[in-house]
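Each protein sequence line maps, in turn, to chains H and X. Residue numbers for the first sequence, in the working numbering: 1 to 271. Residue numbers for the second sequence, in the working numbering: 1 to 324. Glycine included, every Cβ here is placed at the ideal spot set by N, Cα and C. Heads up: the structure comes next, in structure tokens.
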Amino acid sequence: MRTVILSVIAVCLLPGAPAQAEALRIDGSTTVGPIADAFAEYFKSIDPKLEITVKKTGSGDGAAALIDGRCDIATMSRFMKDDEFAKAVGNKVMPVAWTVAMDGVCVVVHPSNPVSKLTSAQVRDIYSGKITNWSQVGGPSMPIVVISRDTSSGTYETFETLIMKKQPMAAGVEYVNANPQAQTRVKTTQGAIAYVGLGFLEGVKVLSIDGIKPSRQTVANGTYPLSRPLFLFTNGFPKLGSPLYRFVTFYLSEKGQELVEAKGFVPLTNY
Amino acid sequence: MNNANGAATLAPVADTRRPLALTPTENLKGYLGTHLGRGLLFFITFSSVLAVLLILVFVVARSVAFFSTSSVIEFIVARDWRPTADEPVFGALAIIAGSLYVSLAALVFAVPLGITAAVFLSDIVSWRIRNIVKPLVEILAAIPSVAYGFFAVLVLAPWMQQHLGFSTGTNALNAALILAVMALPTIVSVAEDSISALGRELREASYSCGATRFETMTKVVIPAAHSGIIAAVVLGMMRAIGETMVVWMASGNATQIPHPWWDLSQSIRTMTATIAGEMGEAPEASLHRSALFAVGVLLLVMTLGLNVVSEYFLSRAKKALGKA
């Protein structure tokens, strides 16, 4: 009787096992999502049998999915937080970080705005409501319309850690839920200031921060104050040669770097 | 001539040949059929009721962690909403006010427009045109809210900045205008139904007393249909207060109460937008997530309250019709 049950279980599991090895579930950051998408598309073009799903729910959700075993790769635009790490280890998940690219968060204003540089302290004062008019930072007398990404975006988190330094944002700050929307709002609003990724600079004016203009070099080597690494997290070190391993090391290849660049990010190897 | 007739006359003859008493199997079949069918239908009907109850239980249960650590009064009275600060503050007053601002302002635009349109459709325009226009108005309800949101951000916001001189185009007024358009089909449709259901006699009686068409409308028809019209307004308000995507895109999402209070050109944030915007990053089992569920409970209580009000007035409208 027992052998019958065991063989039934074995038969049920057999077709499942290889299928699982050929599927990659990716979940997490909306910022890293486009890179994962581009990689996934390329992988599928080489190996049509490989099934890759890319979800973009936010870095925090990605981490939670990896911890719960709901995904194989968590894409994150920030490093894992201490409590996420602790929870993962408690769940017998060992997060391993793979830095796939660098991203610069650019502070942008309307093209007609004469202000071309700010210090990070000034940006902080604008977002915390201490500076409310462009005349206070050498511009025309015009109220500042402060636009931020929503608090669940990785871009917000990066900006908050690198610029706000734990200072709360003013109550009058507006929140938008995507990079293109922030770009559109700045493009159409004279007094606006916002922060967006490197890929969203068309039609807006980029400010230099602390005297450094965001560029491929300054972002890749981290001298621009608002640059950040983008991560893929896996559970433990993947088996060498597995699709998972090839996916998370793909950024090292020439094609991988090309794709990273095409999505508006800076390849790590670009010093 | 008549195959059909022949069959019809034959049938009762066939019936009389059947024994009157049912066999036990037939009896059982009938019994099971009736009761299983009834049970199945009851289950299907009850499952939607069950869904509502489960949602209520789930949302309340997830908010318990928040309400057990902080006071309800403080939650409703405090204005600061800083969920991700080192010492998080959860004051919902600003977002409650935001929800009320946009939905009430939306009603200010939508109610006069909606009732006028309803009167026009029911009493003034010809039946043929009404049958073309009313479905067209109802199509407004079929447009996805994200499409309205794009319109708000890409068209209405820059227009407000250029022509009204607002420093920011995504503000309470923008969201209210869009919500007004979205609430219109509900208001027009329900109000038109209740006005046209009043019948000819009422209007003719009014005319025979020498009232003009305008007087008949404003002093007889609309007052007589007031229950249905109030229900229409409340339903429209429910649509506005529960809407998420449009307010998330059009209102600017600044956690503040406009100062001075009538200044709709300032950005505000609603309860729905707060939940939708922050749920993604609020860690499981954190106070922040629980606080978002608490906002959800508040929202549920508000919409349930409005629902009860609209049911009350709809049933009154029906009763009034029954009497007439």
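(request) May I ask you to list, following chain order, the residues of the stretch 241–254 of chain X that have a beta carbon less than 8 Å from some beta carbon of chain H? (result) 248, 249, 252, 253, 254
(message) Starting from residue 102 of chain H, trace the beta strand (DSSP E) in both directions and tell me its first and last residue.
(response) 95–109
(request) Assign residue 235 of chain H to buried or exposed, taking buried as 16 or more other Cβ atoms, counted over all protein chains shown, within 10 Å of its Cβ. (result) Buried.
(request) With 9 Å as the C-beta to C-beta threshold (strictly closer), list the residues of the stretch 188–207 of chain H near chain X in chain order. (result) Only those residues of the stretch 188–207 of chain H whose C-beta falls short of 9 Å from the nearest C-beta of chain X are listed: 188, 189, 190, 191, 192.
(message) On the criterion of 16 or more Cβ atoms from any shown chain inside 10 Å, does residue 186 of chain H qualify as buried, or is it exposed?
(response) buried
(request) Starting from residue 148 of chain H, follow the alpha helix (DSSP H) in both directions and report where the run begins and ends. (result) Per DSSP, residue 148 of chain H lies in no alpha helix (DSSP H) segment; the continuous beta strand (DSSP E) that holds it begins and ends at 145–149.
(request) Along the alpha helix (DSSP H) that carries residue 123 of chain X, what are the first and last residues, could you check? (result) No alpha helix (DSSP H) contains residue 123 of chain X, which DSSP labels as neither H nor E.
(request) Could you tell me which of H/23, H/31, H/119, H/25 sits nearest to residue 198 of chain H, measuring between CA atoms? (result) With distances taken between Cα atoms, residue 198 of chain H lies closest to H/31.
(request) Compare the C-beta of residue 284 of chain X against all C-beta atoms of chain H and say whether one is closer than 8 Å. (result) yes
(message) So, at 6 Å on beta carbons, what are the nonlocal neighbours of residue 177 of chain H in its own chain, with the 5 sequence-adjacent residues on each side left out?
(response) 150, listed in sequence order.
(request) Could you check if residue 271 of chain X is buried or exposed, using at least 16 other CB atoms within 10 Å of its CB as the buried criterion? (result) buried
(request) Tell me whether the beta-carbon of residue 171 of chain X lies closer than 8 Å to the beta-carbon of residue 265 of chain X. (result) yes
(request) Grab the span of the alpha helix (DSSP H) containing residue 69 of chain X for me, first residue to last. (result) 24–69
(message) How far does the alpha helix (DSSP H) with residue 229 of chain H in it extend, from its first residue to its last?
(response) Per DSSP, residue 229 of chain H belongs to no alpha helix (DSSP H); it is in the beta strand (DSSP E), 227–235.
(request) Spell out a yes or no on whether the stretch 313–322 of chain X and the stretch 83–101 of chain X are touching, meaning 3 or more CB-CB pairs, one atom from each, closer than 8 Å. (result) no
(request) Answer yes or no: does any C-beta atom of chain X fall closer than 8 Å to that of residue 48 of chain H? (result) no
(request) Taking only beta carbons into account, state which residues of the stretch 167–186 of chain H come closer than 8 Å to chain X, listed in chain order. (result) 168, 171, 172, 173, 174, 175, 176, 177, 181, 184, 185
(request) Grab me the residues of residue 28 of chain H's own chain with a C-beta within less than 6 Å of its C-beta, minus the 5 sequence neighbours each way, in chain order. (result) 59, 62, 74, 75, 76
(request) Starting from residue 269 of chain X, follow its DSSP beta bridges and name the residues at the other end. (result) Beta-bridge pairing links residue 269 of chain X to no other residue.
(message) Let's test the definition: count the other Cβ atoms within 10 Å of the Cβ of residue 248 of chain X and tell me whether it reaches 16, buried, or not, exposed.
(response) Buried.
(message) Using the three-state DSSP reduction, which class does residue 182 of chain X fall into: helix, strand or coil?
(response) Three-state DSSP puts residue 182 of chain X in a helix.
(message) Quick check: is the beta carbon of residue 86 of chain X nearer than 8 Å to any beta carbon in chain H?
(response) yes
(request) For the alpha helix (DSSP H) holding residue 218 of chain H, just list the boundary residues, first then last. (result) 216–220
(request) Whole angstroms is fine: what's the gap from residue 175 of chain X's alpha carbon to residue 267 of chain H's? (result) 41 Å
(request) Output, in sequence order along the chain, the residues in the stretch 144–157 of chain X whose CB is closer than 7 Å to any CB in chain H. (result) 153, 154, 157
(message) Between residue 8 of chain X and chain H, is any beta-carbon pair separated by less than 8 Å?
(response) Unreliable placement is indicated for residue 8 of chain X, whose pLDDT of 48 sits below 50; no coordinate value is reported for it.
(message) Against chain X, with Cβ distances strictly below 8 Å, would residue 107 of chain H count as a contact?
(response) no
(request) Quick one: grab the DSSP three-state call for residue 149 of chain X. (result) helix
(message) Using C-beta distances below 6 Å, list every residue in its chain close to residue 78 of chain H, excluding the 5 sequence neighbours before and after it, in chain order.
(response) 59, 154, 157
(request) Please list the partners that residue 145 of chain H has in chain X, where partner means a Cβ-to-Cβ separation under 7 Å. (result) 167, 168, listed in chain order.
(request) To the nearest angstrom, report how far apart residue 231 of chain H and residue 185 of chain X are at their CA atoms. (result) One alpha carbon belongs to residue 231 of chain H, the other to residue 185 of chain X, and they sit about 47 Å apart.
(request) For residue 290 of chain X, I'd like the list of residues in its chain whose CB is within less than 7 Å of its CB, leaving aside the five on either flank, ordered along the chain. (result) 62, 63, 65, 66
(message) In the DSSP output, which residue or residues are listed as bridge partners for residue 251 of chain H?
(response) Residue 251 of chain H is not bridged to any residue.
(request) Below 8 Å on the Cβ atoms is my guess for residue 195 of chain X versus residue 221 of chain X; work out the distance and round it to an integer in Å. (result) Separation of the CB atoms of residue 195 of chain X and residue 221 of chain X is rounded to 6 Å, and the pair is thereby assigned contact status at 8 Å.
(message) Between the alpha carbons of residue 149 of chain X and residue 112 of chain X, how many angstroms are there, rounded?
(response) Straight-line Cα distance between these residues: approximately 23 Å.
(message) If the criterion is Cβ atoms closer than 8 Å, does the pair residue 210 of chain H and residue 229 of chain H meet it?
(response) With a cutoff of 8 Å on beta-carbon distance, residue 210 of chain H and residue 229 of chain H are scored as not near each other.
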